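Single-structure report; data block below.
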Amino acid sequence: VRIVISLVYSVVCALGLVGNLLVLYLMKSKQGWRKSSINLFVTSLAVTDFQFVLTLPFWAVENALDFNWLFGKAMCKIVSYVTAMNMYASVFFLTAMSVARYRSVASALKNQRRGDPLGGCCSAKWLCALIWLSAILASLPHAIFSTTATVFDDVLCLVKFPEGRGSNAQFWLGLYHIQKVLLGFVVPLAIISLCYLLLVRFISDKHVGSTCSGPSTKRRSKVTKSVSIVVLSFFLCWLPNQALTTWGILIKLNVVHFSTEYFLSQVYLFPISVCLAHSNSCLNPILYCLMRREFRKALKSLIWRITSPSLTTMRPFTDTTKPEQEEQALHALVPVHPVTASFPAAAVQPEMAYYPPGVVMYSSRYDLLPASSTE
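Note that the sequence shown covers residues 818 to 1192 in the working numbering.
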């Protein structure tokens, strides 16, 4: 079982690295996308997940060796701290995305105008900085108390609180696990659930289905759906781990007694729950690429540019089907063919561009992502 879990870690690491790098590349290449606060959160979430998957090889080796830690005390502190910090950052960014989506949709439906849900990209940047600071502080116990310890001739990497006169290590460990469950699961779940319940109630009261059916509302609905699925996947992945952690808290605080069932769950179920929780780091980019149309189109264009470079100087399209500038489009255009001696100006239509065969070009303004889009 441990070998299988280690293999799953390896697959998750590979998919997470590729997927999150793709999201970061697409976000960087689209100027208009970076002006949206929710896309800033998407970028930050991709950075968080990318850092998280970098720690998975260490946990894969540890799992394969029956929890023996081979990398020393310093790496134990670093890997443990980075893992905890990015766990907190992930759930904080998912919460911020849900709040931003609620404010964006509610504001648009109430005032019939478009705008950034957080009052501008600068405000979103300050919120991102606050989220990172909160994640750093919340995971400090891992930086301070993570260490290696020898248990039955096995070297383990664990969080070990000091124990001495007037100090109960199990009690402090239980308190820290309470913080982990509350800040990393319960409180964000409550905030996100409240946002979506208020949003559903607001839409029902406003009869949105009969009054607002334009392209802007449809785009907002699709983005809201994608955010909901990403958030739902996070909580489904982390729920088993948080439930077992809560069970351990009750035992550490002497609320319930240690039992055979708890021992068996820690031996067999807990490693699987950790693996499931860690797999969430590769799901976010996959879900975004599948759920959001602009991600799918940009990804298809990127694949075309990588796999078919020789086709980019073929079939021209006319002025009637010429799309908007690259910064404002969801797809990536091939650069305009230069006018050279071999291609005189008289033989080339004004502003004529070239594209690979099979790439769909869109002329409707609703098929493009404006630079001021909040989605």
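Yeah, the Cβ is synthetic: ideal placement off N, Cα and C, and Gly gets one too.
All figures in this text were calculated on a predicted structure; none of them were measured in a lab.
#1: Output the boundary residues of the beta strand (DSSP E) element that contains L1219.
#2: Hey, would you say F1080 sits closer than 8 Å to V908, going by beta carbons?
#3: Is T900 buried or exposed, if buried means 16 or more other CB atoms sit within 10 Å of its CB?
#4: State the beta-bridge partners of D966 as determined by DSSP.
#5: Sorted by chain position, which residues of the same chain lie with C-beta nearer than 8 Å to S1096's C-beta, five sequence neighbours on each side aside?
#6: Let's see if you can read the secondary structure: which residues bound the alpha helix (DSSP H) around F884?
#7: Among L1000, L1016, V1091, whose alpha-carbon lies nearest the alpha-carbon of V916?
#8: Tell me which same chain residues have a C-beta within less than 6 Å of the C-beta of L832, skipping the five on either side of it?
#9: Can you give the Cα-Cα distance for A941 and P1102, rounded to whole angstroms?
#10: Looking at the strands, I want to know which residues DSSP matches up with G1065.
#11: For the alpha helix (DSSP H) that T860 lies in, which residues bound it at each end?
#12: Flag this pair as yes or no: are the beta carbons of A960 and Y898 separated by less than 8 Å?
#13: What's the C-alpha gap between F867 and M904?
#14: Is it true that the CB of R819 sits closer than 8 Å to the CB of N880?
#15: In whole angstroms, give me the CA-to-CA distance for P1088 and K977.
#16: In chain order, what residues of the same chain have a beta carbon less than 6 Å from the beta carbon of L1019, not counting five sequence neighbours either side?
#17: Just to confirm my understanding: we take K997, look at its own chain, exclude 5 residues before and 5 after, and list those with CB closer than 7 Å. What are they?
#18: In its own chain, which residues sit with a C-beta less than 7 Å from the C-beta of V1073, not counting the 5 before and 5 after it?
#19: Taking all protein chains shown into account, do 16 or more other C-beta atoms lie within 10 angstroms of the C-beta of W876, making it buried, or fewer, making it exposed?
#20: Mind checking A1115: buried by the 16 CB within 10 Å criterion, or exposed?
#21: Rounded to whole angstroms, how far is the Cβ of I953 from the Cβ of M902, which I believe are closer than 8 Å?
#22: Are the CB atoms of L911 and P1005 within a distance shorter than 8 Å?
#23: For a quick check, are the C-beta atoms of F858 and A906 less than 8 Å apart?
#24: When the distance is taken between beta carbons, is I1009 closer than 8 Å to V972?
Put simply:
#1: Any question about residue 1219 goes unanswered here, given that the chain covers just 818 to 1192.
#2: no
#3: buried
#4: The residue you asked about is not Asp; residue 966 is Ala in the sequence shown. DSSP, once it has assigned bridges, lists L973 as partnering A966.
#5: Hits under 8 Å: V825, V829, C1054.
#6: Looking at the DSSP string, F884 is not in any alpha helix (DSSP H), and its letter there is neither H nor E.
#7: L1016
#8: C1099
#9: Approximately 21 Å, taken between the alpha carbons.
#10: G1065 pairs with nothing; no bridge assigned.
#11: 854-871
#12: yes
#13: 12 Å
#14: yes
#15: 19 Å
#16: The residue asked about is misnamed: residue 1019 is Phe in this sequence, not Leu. Hits under 6 Å: A923.
#17: T1062
#18: Within the same chain, L1067 come within 7 Å of V1073 by CB-CB distance, once the 5 residues on both sides are set aside.
#19: Per the 10 Å Cβ criterion, buried.
#20: Counting C-beta atoms within 10 angstroms of its own C-beta, A1115 has 16 or more neighbours from the protein chains shown and is therefore classed as buried.
#21: 6 Å
#22: yes
#23: no
#24: no
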